[in-house]
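Right, one structure below, let's go through it.
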Amino acid sequence: MQEESEGISELSINHPSAWDIDRFRANWFVFVEALLKEETNLLIPSRRIRWQIEQTPAFQEVAAGWDKIKGSQRLDAWKRLLLAAEEASRTILPACVQCGECCRMGSPTLHLEDLVLLRSGKIPWDQLITLRKGEPAHSPFDGKPFVLPQERIKVREKDGLRECVFLISQIERCSIHVDRPVQCRAQACWDPIPARDTAEEPFLLREHIFEGADLLLEIIAEHETRCGFAALSDAFEELSRSNGGNVQEVLRLLSYEEHFRQFVSDKFKIPAQNMELLFGRSFARMSTLFGFRVVEEPDGTRRLLVDEPGVQA
Ligand code: SF4
3 MQEESEGISE LSINHPSAWD IDRFRANWFV FVEALLKEET NLLIPSRRIR
53 WQIEQTPAFQ EVAAGWDKIK GSQRLDAWKR LLLAAEEASR TILPACVQCG
103 ECCRMGSPTL HLEDLVLLRS GKIPWDQLIT LRKGEPAHSP FDGKPFVLPQ
153 ERIKVREKDG LRECVFLISQ IERCSIHVDR PVQCRAQACW DPIPARDTAE
203 EPFLLREHIF EGADLLLEII AEHETRCGFA ALSDAFEELS RSNGGNVQEV
253 LRLLSYEEHF RQFVSDKFKI PAQNMELLFG RSFARMSTLF GFRVVEEPDG
303 TRRLLVDEPG VQA
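Heads up: the sequence shown runs through residues 3 to 315, numbered per the numbering used here.
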């Protein structure tokens, strides 16, 4: 008899008519999380799906007014809400709702067509970075890693994140929306084809940006010859093969590359924040790609540490 009454009271707690607002929210959370994990929804940004669900009249009415719905009507309201959510999640509208999710998953790579945005100052040069030939990258389509067959000019990402610098996080808006690059215009979470087509268009290169500045282009070419990404990669491979035997050579290479960029910055009065467009990321910064970091001692000497606190190579 006692078991039976416990069963009945458990049943009544699990019935929407007995839910207070906290239990309603907890059940709603579980339901939406499950909906987002459904296979048909995996390629669509979850923020986008949530946004669509929250626009439905059922959500506006039921979620906002749960406390005011009479107990006897809550089951119907709950069913209405679930049906509307399922429907909304399966009918992705062919329009960008600026949910910001694409902009959190990576910044755009620029195409030749975007050069006009640089020349007009709509995209400032100091917000750009060059990824050099041979650097590891991830496909914007399936996230798979690959090696860059050619350099790419990218908008910067926020420190430690993959989020584009132009995304205003608090309001989920692009600060250059009207003048956003070609790749962002083609990005459509409901249809991957326009973005794939755009990837066939010519990419922007440093030779386009610095066209006519022959001396600068010669210096960039010289930097590539002496400090190409392959040189760094080979040095770290040898470091691993020789069990740290060539550490001094690696440090010499890092130091040479740093002096190269410092010399050019001083000589041509190029602001430090533009140097990553000119030469890509410094070798010292890229050491983390190989599991190391460079630390400078108070006397100016440098050491290479395995990228775990306190471990030296
Ligand atoms: S430029 Fe704008 S639209 Fe493009 S990724 Fe950055 S924030 Fe998003």
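No residue lacks a Cβ here, since even glycine has one placed at the ideal position from N, Cα and C. This one's a predicted model, so the numbers in the text were calculated from it and none came from an experiment.
beta-carbon residue i near ligand 1 non-hydrogen atom, thresh 6 angstroms
i: Arg154; result: no
i: Phe212; result: no
i: Leu133; result: no
i: Phe270; result: no
i: Cys98; result: no
i: Leu169; result: yes
i: Pro110; result: yes
i: Arg158; result: no
i: Cys176; result: yes
i: Arg182; result: yes
i: Cys191; result: no
i: Cys186; result: yes
i: Cys105; result: yes
i: Cys101; result: no
i: Cys229; result: no
Which residues DSSP lists as bridging residue i, in chain order
i: Glu159; result: Cys166
i: Val297; result: Arg305
i: Ile175; result: The sequence shown places Arg at residue 175, rather than the Ile named in the question. BP columns for Arg175 point to Ile170.
i: His17; result: According to DSSP, which records beta bridges pairwise, His17 is partnered with nothing at all.
i: Phe270; result: According to DSSP, Phe270 bridges with nothing at all.
i: Phe205; result: His113
i: Thr132; result: Ile155
i: Phe238; result: Its beta-bridge partners do not exist; DSSP assigns none.
i: Phe148; result: Ala139
Residue environment, residue i, which counts as buried when at least 16 other CB atoms sit within 10 Å
i: Gln275; result: exposed
i: Lys156; result: buried
i: Gln172; result: exposed
i: Thr132; result: buried
i: Asp268; result: exposed
i: Thr111; result: buried
i: Leu13; result: Low confidence applies here, because Leu13 scores a pLDDT of 48, under 50, leaving its location unreliable; read the following figure in that light. It is exposed - the Cβ of Leu13 has fewer than 16 other Cβ atoms within 10 Å.
i: Gly247; result: exposed
i: Ala66; result: exposed
i: Trp21; result: buried
i: Pro147; result: exposed
i: Trp192; result: exposed
i: Gln250; result: exposed
Alpha-carbon to alpha-carbon, residue j and residue i
i: Cys229; j: Glu259; result: 6 angstroms
i: Glu56; j: Arg50; result: 10 angstroms
i: Ile170; j: Glu103; result: 12 angstroms
i: Arg295; j: Ala286; result: 7 angstroms
i: Phe265; j: Lys271; result: 10 angstroms
i: Ser235; j: Leu114; result: 29 angstroms
i: Glu203; j: Gly214; result: 23 angstroms
i: Val297; j: Asp144; result: 35 angstroms
i: Leu306; j: Ile195; result: 44 angstroms
i: Met107; j: Leu84; result: 29 angstroms
i: Pro142; j: Pro183; result: 15 angstroms
i: Lys124; j: Ile211; result: 14 angstroms
i: Asn16; j: Ser74; result: 14 angstroms
i: Leu45; j: Leu130; result: 28 angstroms
i: Lys39; j: Asp116; result: 36 angstroms
i: Gly162; j: Arg25; result: 36 angstroms
i: Ser19; j: Asp78; result: 10 angstroms
i: Thr93; j: Phe61; result: 16 angstroms
i: Leu95; j: Cys101; result: 13 angstroms
i: Leu218; j: Arg158; result: 22 angstroms
i: Asp199; j: Trp68; result: 46 angstroms
i: Asp128; j: Lys72; result: 58 angstroms
i: Arg187; j: Asn29; result: 37 angstroms
i: Arg134; j: Arg263; result: 15 angstroms
i: Phe231; j: Glu224; result: 13 angstroms
Integer-rounded CB distance, given that residue j should sit under 8 angstroms from residue i
i: Val32; j: Ala87; result: Wrong, their Cβ atoms sit about 12 angstroms apart, outside the cutoff.
i: Pro138; j: Leu255; result: Rounded, the Cβ-Cβ distance is 19 angstroms, inconsistent with contact.
i: Leu207; j: Glu153; result: 6 angstroms
i: Ser257; j: Arg304; result: 7 angstroms
i: Ser91; j: Leu37; result: 5 angstroms
i: Ser109; j: Cys176; result: With a Cβ gap of about 11 angstroms, Ser109 and Cys176 do not count as contacting.
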